[in-house]
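What follows is a short report on a single structure.
In UniProt numbering, the protein residues as written are 1 to 271.
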């Protein structure tokens, strides 16, 4: 899919949306780090204040970019994890705006310039996606859930063209079947639907394949009139009602996909 390259007056739109967004992120990051200086010695891993700053930033960025934003259902209050389909870098803002969550990310992200700093500041859980690390992941999940954190990860393992849901990988679900977590953990599936601007390719907001990040960001910021974002919060699933991680992952995948395609199928095709 050809991405929109800003031309002429498009750059004013990019500046009008992008500069305030960067300022909000930068200013709130400083505030978050200062609050964390007090929060950490008082509460340790628990974060009773700083997640609200993250939610504010994400809501602000979505508003500044110009997205109408619709939510169906509600975030769960149970301990455990949240899983969602992964279509874009926008998912970070889209999923963090209405709920206090902590993303689970591959360990390499911690070293990325800028993004790694933001991820570490907001409490992202960094893991190595290897079977030999399964016990370490389980211990880390137990520690974070014990601190009252709700974890979010993308079981597809990669972002897509926003027009499909890939099969869910099962490895990370194994941690929730440990003795310490199985009987007290829930997993809530969320379907993220990006509706393209009228007349555009349904994959308009997807970020996949060999697409570079900066051109994709400019593509979205320069859009004259945005489409809309829709989040569907499904009923939480108790882990102990499933036989194993594969059965749980398949159930979550089917739930996520059903809402995704029922919504996408009602969208107008691109002209």
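Backbone N, C-alpha and C fix where the C-beta goes; we use that ideal spot for every residue, glycine too.
Whether residue i touches residue j by CB criterion (8 Å)
i	j	result
residue 97	residue 153	no
residue 253	residue 192	no
residue 79	residue 185	yes
residue 141	residue 244	no
residue 109	residue 60	no
residue 83	residue 155	yes
residue 93	residue 58	yes
residue 1	residue 201	yes
residue 95	residue 190	yes
residue 197	residue 148	no
residue 73	residue 232	yes
residue 39	residue 49	yes
residue 87	residue 162	yes
For residue i, three-class secondary structure by DSSP
i	result
residue 244	coil
residue 330	Nothing about residue 330 can be read from this structure; the chain reaches only from 1 to 271.
residue 202	coil
residue 238	strand
residue 18	helix
residue 223	coil
residue 49	coil
residue 77	coil
residue 41	helix
CB-CB length for residue i against residue j, believed under 8 Å
i	j	result
residue 47	residue 123	6 Å
residue 64	residue 17	5 Å
residue 75	residue 45	Not quite, the Cβ-Cβ distance comes to about 20 Å (not below 8 Å), so this is no contact.
Beta-bridge pairing of residue i - partner residues as DSSP gives them
i	result
residue 232	72, 191
Exercise. Which runs of the beta strand (DSSP E) spanning at least 3 residues fall entirely within the UniProt domain "Phospholipid/glycerol acyltransferase" (80-195), listed in chain order?
Worked result: 80-84, 102-106, 125-127, 151-153, 186-195
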